[in-house]
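Protein sequences appear in the order of chains P and B. Per this note's numbering, the very first residue in the first sequence carries number 1; after that it's consecutive. Per this note's numbering, the very first residue in the second sequence carries number 1; after that it's consecutive. Ideal Cβ positions, reconstructed from N, Cα and C, are used throughout, including at glycine. I have placed the structure first, in the form of C-alpha cells, so that the comments after it can refer back to it.
There are 2 protein chains.
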Amino acid sequence: MYNHTELKDLVEKAITNLSYNTEAEKLIEPVKYILSIGGKRLRPVLTLMACNLFNDKIDDAIMPAAGIEVFHNFTLVHDDIMDQAPVRRSFPTVHYKWNVNQAVLSGDVMAFIANECFLQTPPRCLLNVFRVFNKAAMEVCVGQQLDMDFEKASIITEKEYLRMIELKTSVLLAASVKIGAIIGGAKDKDSDLLYEFGRNLGLAFQIQDDLLDIYGDAKVFGKIPGGDIISNKKTFLLVKAFELATGEQLKMLQEQFSEMEFDPEVKVKKVVDLYDHLDIRKATENLANDFIKTSFDLLDKIDVDRERKNELESVVSSLIGRDK
Amino acid sequence: MYNHTELKDLVEKAITNLSYNTEAEKLIEPVKYILSIGGKRLRPVLTLMACNLFNDKIDDAIMPAAGIEVFHNFTLVHDDIMDQAPVRRSFPTVHYKWNVNQAVLSGDVMAFIANECFLQTPPRCLLNVFRVFNKAAMEVCVGQQLDMDFEKASIITEKEYLRMIELKTSVLLAASVKIGAIIGGAKDKDSDLLYEFGRNLGLAFQIQDDLLDIYGDAKVFGKIPGGDIISNKKTFLLVKAFELATGEQLKMLQEQFSEMEFDPEVKVKKVVDLYDHLDIRKATENLANDFIKTSFDLLDKIDVDRERKNELESVVSSLIGRDK
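Following this line, the structure appears as C-alpha cells:
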C-alpha cells in the first residue's frame, strides 16, 4: 500500500503534467498559478487512499483525482471573486493578481480541464464516477449560493448552517473518497459507506475551521484572529451564539452584527466574551467530535482488512489534530 | 425525417423539462431566465438534424443537444459579464438583472447542468461524444481569451481574427453537428466531414454578423448600426480595413480607434465611408460566400441519400439569407 507522502507526490506529478491548450497563454497562466500555490491536495490524496483501500493498483484513479483538485481550485478562483478576497493560501487571489474577467474565464476553463481528467477514467466505471463527480459539483454551487444568501440573512438556524457547509464543503470530500472506492472496485455498500465517511469528515473539518478563526494559532493558520467576526461571516459559533443568547446578550449580538462602523478589536472582544460566557467553544468542539466519531464508525464498517485502513485513519487523525 | 419546426419543438421541450436541484432557488432563477429568453436554438437543432441525416430515430440525441444549448447559454452569461453588456436578445443580461456574483455562480452551475445532459448520452458513444463536446468547450474559452486579448491589441491580422472567431464561435457549431452524427451512427469519415461543414458555416455566420452591424436592418437585428465601431470591437471589416488602408486613411483609422472621446455618429460615418471606399463590404461578402460554398461542398460529400440533406440545406440557406 502507498503512504501519504507517496500519494501526495503522485498527485503533484499528475497536476504538473496536465496538458493544456496553450494557444492563448493568458488563459492558462492563472490556471497554472492557482494549481501551483499548493494546498494540502487533501481531496485527490483521499481519492487515491480510498482506491488503495480496495486495490493495490491505483493508476486508474490518478487522473480523476487530479480532476477533483482542478475542480476544487476552480471553485476557489470563482469564490474569491464573489467574496472579494485578496489573498488565498498567503498569495494574491487570481482576480486580484489579474482581474475579475480573467478570473471568470480562467476559472471556467478549469471546469472543462476537470472534465478532461474525468474522461480518462477507465470506461468500466466512467459513467458511475462522472455522475458522482458532477452531482457533487452541482451541489457545491448550491452550497455557495446558500452561503451568499445567508450573508444577507439576519438569523439562520443550526440546521440551515450545517446543510450549507455540507453542500459547500463536505459533498466534494465525500465524492472524492467514493470515486476512489468505485475505481478501486469496492462493492456499492462500501463506496456508499465511504461517501458518508467523507461527508461527516467534511462537516467536522469545516466546524473545526470555524473554531480556528478564534481559538487557532494565527501564525499557523495565516489568518487574523476573529477575521470571521469582523467580516460578519456566518460560522457555527455565531449561529450557536444566536441560538443560545437571550435578552441583553442577544441585543448586543444583533448590534455588533448590524453596525456598519466599528472598532474591530472591540467587536471581536465583545463577541468572543459572549462565546466564552455561553460555552460556545465546548458546544462546537462537541459537535465536531460527534461528526468525527461517526466518520470513524463508518470506516470501521467497511469490509476490508483492518490494516488497510491504517494510512487513511492516520492522515485523518493528523488533520483533525488528534494523534492516533 | 423531422422538419425544422418539429426539431425546434423537441429542443424547447427538453429545455423546459430540465430538472434542477432547487434547494437554492436563487441559483436556478437566472438559469431558467437565460434559457427562456430564447434564441434560435440553432446548435441543438443542428445536432438533431445531423443525427437525423443518418438515423430516423433521434431520441438519443435530444439530451446532448440540450446540453449544447445549456453550455452555449453558460458562455453567454459569462461573456456578458466580461463585456459589461447590459442587453442580450433584447432582455437585460443576467449580471445586469441580478449582479456579477450571481451571474458567475449561476453560469457555473450551467456548466455542470450541461455535463448532466451529456451524461445521458447512450453508453455506446458517451466517451466519444463527451470528448468532442469538451474539446469544443475548452476551445470556446480560448477563443474568448483571444477576443479579450485582441481588444487591447492595436492591429491584428486577418489570420488571427479568423482563428479567434473559429474558436469562439465555429467549433461549437462544428461539435454540435459532429455529436449528432456520432449519435446517429455515422461513419467517422462522415462525422468528420460534418464537423468541417459546421466549422465553415460558423465562420460564415460570424463574418455575416460583422456585416450586419453596419449593413443590417437595425429593426430586425435589434442593434444600433455601427455599434461595433463605437465600441472599438474588432470585426472582420475593421481588420480588413486596417490591412488595406494606406497613408492618410490608415492615420484616420488609427485616430478613430484610439481617441477616448468622440461623437459616435461622426466616428461611424468616417469609418463606414472608408469601408465603402476600400470596398470592404464586397471583400467581406466574398469571404463569407467562400466559407458557405466550402460548407455546402462538404455536405455534398457525406455518404447519405441526397433527399436526407434537404432539411439541413434549407435551414442553413435561410440562415445565410439565401433562398434555396
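Cα-Cα separation between residue i and residue j, rounded to whole angstroms
{"i": "L146/B", "j": "A24/P", "result": "6 angstroms"}
{"i": "K234/B", "j": "V31/P", "result": "27 angstroms"}
{"i": "M82/P", "j": "A153/B", "result": "29 angstroms"}
{"i": "S36/B", "j": "R88/P", "result": "37 angstroms"}
{"i": "G247/B", "j": "Q256/B", "result": "14 angstroms"}
{"i": "F242/B", "j": "I155/B", "result": "7 angstroms"}
{"i": "A347/B", "j": "V104/P", "result": "A query on residue 347/B cannot be resolved here, the shown segment of chain B reaching from 1 to 324 and no further."}
{"i": "S258/B", "j": "A181/B", "result": "46 angstroms"}
{"i": "V239/P", "j": "Q206/P", "result": "14 angstroms"}
{"i": "K97/B", "j": "F71/P", "result": "28 angstroms"}
{"i": "D300/P", "j": "G67/B", "result": "41 angstroms"}
{"i": "S264/P", "j": "G226/P", "result": "Position check: residue 264/P holds Pro in this sequence, whereas Ser was assumed. Each residue's alpha carbon lies about 9 angstroms from the other."}
{"i": "D303/P", "j": "I28/B", "result": "40 angstroms"}
{"i": "T93/P", "j": "K282/P", "result": "34 angstroms"}
{"i": "V109/P", "j": "L76/B", "result": "14 angstroms"}
{"i": "E196/B", "j": "D217/P", "result": "60 angstroms"}
{"i": "S317/P", "j": "T16/P", "result": "28 angstroms"}
{"i": "K168/B", "j": "T157/B", "result": "17 angstroms"}
{"i": "E69/P", "j": "L287/B", "result": "44 angstroms"}
{"i": "N52/B", "j": "K187/P", "result": "40 angstroms"}
{"i": "L327/P", "j": "I34/B", "result": "Outside the shown range of chain P (1 to 324) lies residue 327/P, about which nothing can therefore be said."}
{"i": "V140/B", "j": "N200/B", "result": "16 angstroms"}
{"i": "A245/P", "j": "N232/P", "result": "17 angstroms"}
{"i": "D190/B", "j": "S176/P", "result": "39 angstroms"}
{"i": "E151/P", "j": "M252/P", "result": "19 angstroms"}
{"i": "K26/B", "j": "E116/B", "result": "20 angstroms"}
{"i": "L162/B", "j": "T294/B", "result": "15 angstroms"}
{"i": "D9/P", "j": "E285/B", "result": "56 angstroms"}
{"i": "V129/P", "j": "D273/B", "result": "59 angstroms"}
{"i": "N3/B", "j": "G198/B", "result": "19 angstroms"}
{"i": "I230/B", "j": "D149/B", "result": "18 angstroms"}
Short CB-CB distance (under 8 angstroms) between residue i and chain C
{"i": "L105/B", "result": "The structure shown contains no chain C; its protein chains are P and B."}
Cβ-based burial, residue i [other Cβ within 10 Å; buried from 16]
{"i": "D80/B", "result": "buried"}
{"i": "K324/B", "result": "Note on K324/B: pLDDT 42, under 50, position unreliable in the model; the coordinate value appears next. By the neighbour-count rule (16 or more Cβ atoms within 10 Å), K324/B is not buried but exposed."}
{"i": "H78/B", "result": "buried"}
{"i": "R124/P", "result": "exposed"}
{"i": "P44/B", "result": "buried"}
{"i": "R260/P", "result": "According to the sequence displayed, residue 260/P carries Met and not Arg. By the neighbour-count rule (16 or more Cβ atoms within 10 Å), M260/P is not buried but exposed."}
{"i": "N73/P", "result": "buried"}
{"i": "T22/P", "result": "exposed"}
{"i": "S19/P", "result": "exposed"}
{"i": "S106/B", "result": "buried"}
{"i": "S170/P", "result": "buried"}
{"i": "D228/B", "result": "buried"}
{"i": "D297/P", "result": "exposed"}
{"i": "N101/B", "result": "buried"}
{"i": "T121/P", "result": "buried"}
{"i": "E307/B", "result": "exposed"}
{"i": "P64/B", "result": "buried"}
{"i": "D213/B", "result": "buried"}
{"i": "T328/P", "result": "Coverage of chain P is limited to positions 1 through 324, which leaves residue 328/P absent and any answer about it impossible."}
{"i": "G321/B", "result": "exposed"}
{"i": "V132/B", "result": "buried"}
{"i": "G38/B", "result": "exposed"}
{"i": "D59/B", "result": "exposed"}
{"i": "V266/B", "result": "exposed"}
Residue i beta carbon near the ligand SAM (any heavy atom closer than 7 angstroms)
{"i": "I207/P", "result": "This structure lacks the ligand SAM; in fact it carries no ligand of any kind."}
Original post:
When you check each C-beta in the stretch 15-33 of chain B against every C-beta of chain P, which residues fall closer than 8 angstroms?
Top reply: N21, E23, A24, K26, L27
Subject >> Secondary structure, beta strand (DSSP E): runs of 3+ residues fully inside the stretch 241-285 of chain B >> reply: Counting whole runs of 3 or more residues, the stretch 241-285 of chain B contains no beta strand (DSSP E) stretch at all.
Original post:
Where in the stretch 157-219 of chain B do unbroken runs of the alpha helix (DSSP H), each at least 4 residues long, occur, reported from the N-terminal end onward?
Top reply: Counting whole runs of 4 or more residues, the stretch 157-219 of chain B contains the alpha helix (DSSP H) stretches 158-165, 171-184, 188-215.
**OP:** Scan the stretch 47-81 of chain P for residues whose Cβ lies nearer than 7 angstroms to a Cβ of chain B and list them as they occur along the chain.
**Re:** H78, I81
Original post:
What residue ranges within the stretch 73-145 of chain B form continuous beta strand (DSSP E) runs of no fewer than 3 residues, ordered along the chain?
Top reply: The beta strand (DSSP E) runs lying completely inside the stretch 73-145 of chain B and spanning 3 residues or more number zero.
**OP:** Scan the stretch 117-141 of chain P for residues whose Cβ lies nearer than 8 angstroms to a Cβ of chain B and list them as they occur along the chain.
**Re:** Listed by position along the chain: L119, P123, L126, L127, F130, R131, N134, A137, M138, E139, C141.
Subject >> Residues, ordered as in the chain, of the stretch 141-155 of chain P that lie near chain B by beta-carbon distance below 9 angstroms >> reply: C141, V142, G143, Q144, Q145, L146, M148, D149
Subject >> Contact between the stretch 276-288 of chain P and the stretch 180-195 of chain P (3+ Cβ pairs under 8 angstroms) >> reply: no
Original post:
Using a Cβ cut-off of 7 angstroms, which residues of the stretch 232-253 of chain P contact any Cβ in chain B, in chain order?
Top reply: If the cut-off is 7 angstroms between Cβ atoms, the stretch 232-253 of chain P has nothing near chain B.
**OP:** Please list the residues of the stretch 168-182 of chain P that have a C-beta atom closer than 7 angstroms to any C-beta atom in chain B, keeping them in chain order.
**Re:** Residues: none.
Original post:
Which residues, taken in chain order from the stretch 192-223 of chain B, show a beta carbon closer than 7 angstroms to some beta carbon of chain P?
Top reply: none
**OP:** Please list the residues of the stretch 87-101 of chain B that have a C-beta atom closer than 9 angstroms to any C-beta atom in chain P, keeping them in chain order.
**Re:** V100, N101
Original post:
When Cβ atoms are compared, which residues of the stretch 304-322 of chain P fall closer than 9 angstroms to chain B?
Top reply: none
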